[in-house]
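For reference, the structure is listed below as structure tokens.
Numbering (the numbering used here), first residue to last: 549 to 873.
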């Protein structure tokens with residue numbers, strides 16, 4: 549289970565939590581403009597937008613979990629188990645057959661905006677094939693630039709594209725159902741509530757924050773969606789880089805999963821393996837890991853973006869405490 553969000557101050561920020569019971573050896577990866585991207589049914593693109601994000605690299609191929617390209621378009625894939633349905637390879641149908649594992653690379657290699665991505669997505673057939681021995685991931689995706697945000701779902705009836713005014717996404721159920729459920733929380737407020745229960749009763753405001761009573765606090769995807777949407781859409785901060793990045797991590801922190809609170813079938817625990825905040829305007833990837841909440845960063849523009857070799861950074865996983873003297 550995961551949560552994705554977009555946020556804008558002076559710059560545009562995009563990121564997510566990755567919640568799982570294990571890691572898959574992910575790295576922060578910069579794909580430069582001339583790194584050959586080999587697509588299963590389309591061929592090789594040798595010249596494309598550069599991108600940065602977290603990926604599992606297998607046989608030299610970056611399998612991105614999320615990424616932002618140099619033009620500021622971000623895209624993240626989140627689990628959508630049971631609802632994701634893909635097609636078989638369909639030759640001669642006038643559409644590009646794109647494997648699920650290459651969907652992020654396909655979009656970010658070519659599109660600078662959500663509008664361009666909409667047009668590209670309207671001409672694809674998402675194919676459910678494996679990458680090597682890896683299983684086919686059941687996913688849906690959030691895309692955002694500085695002005696627009698959408699969710700893309702491949703379901704039984706085909707590919708659905710939803711406008712995402714809330715600016716967040718979690719997992720099941722489908723996005724239209726999750727979005728509609730926000731109506732149930734129309735009464736939540738960041739202000740001190742008034743007594744609308746009954747004018748016959750003297751009811752008191754006994755502490756701050758009572759306007760948020762009813763905000764769900766459990767770890768289900770439905771509840772995380774509501775909580776992240778409430779926090780994200782009521783967040784206030786300055787426009788400096790440090791304030792903006794800190795606020796974005798606070799938004800993600802509202803859905804953080806601590807070890808021990810969610811047991812999975814194999815006796816392990818689902819945790820927030822990492823959280824990331826990407827300054828999509830500047831191409832800077834900030835991240836924290838479960839055992840190291842200190843923020844680390846990789847700047848894609850410090851790499852040779854005209855190169856042909858992936859730049860790969862292992863995340864800092866162990867605690868990194870700065871003692872004050």
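Glycine is no exception: its CB is placed at the ideal position from the N, C-alpha and C atoms.
{"query": "Does residue 734 come out as helix, strand or coil in the three-state DSSP assignment?", "result": "coil"}
{"query": "Checking the sheet assignment: what are the DSSP bridge partners for residue 645?", "result": "673"}
{"query": "Looking only at DSSP bridge pairs, what is residue 623 linked to?", "result": "615 and 691"}
{"query": "Identify, in the order they occur along the chain, each residue of the same chain with its Cβ nearer than 8 Å to the Cβ of residue 892, setting aside the five sequence neighbours on each side.", "result": "For the chain, the structure presents residues 549 to 873; residue 892 sits outside this window and is missing."}
{"query": "With a CB to CB cut of under 7 Å and the five nearest residues on each side skipped, what residues in its chain are close to residue 866?", "result": "839 and 840"}
{"query": "Beta carbon of residue 597, beta carbon of residue 619: below 7 Å?", "result": "yes"}
{"query": "Which value, in whole angstroms, describes the spacing of the CA atoms of residue 818 and residue 745?", "result": "39 Å"}
{"query": "May I ask which residues mark the beginning and end of the alpha helix (DSSP H) holding residue 801?", "result": "789-801"}
{"query": "Rounded to whole angstroms, what's the CA-CA distance from residue 809 to residue 550? Just pull it up for me.", "result": "15 Å"}
{"query": "So, using beta-carbon positions, are residue 828 and residue 562 closer together than 7 Å?", "result": "yes"}
{"query": "Mapping the DSSP letters down to three states, classify residue 851 as helix, strand or coil.", "result": "coil"}
{"query": "Where does the unbroken alpha helix (DSSP H) through residue 562 begin, and where does it stop?", "result": "Looking at the DSSP string, residue 562 is not in any alpha helix (DSSP H); the run it does join, the beta strand (DSSP E), is 560-568."}
{"query": "What residues in its chain sit with their C-beta under 8 Å from that of residue 783, if we drop five residues either side in the sequence?", "result": "555, 795, 798 and 799"}
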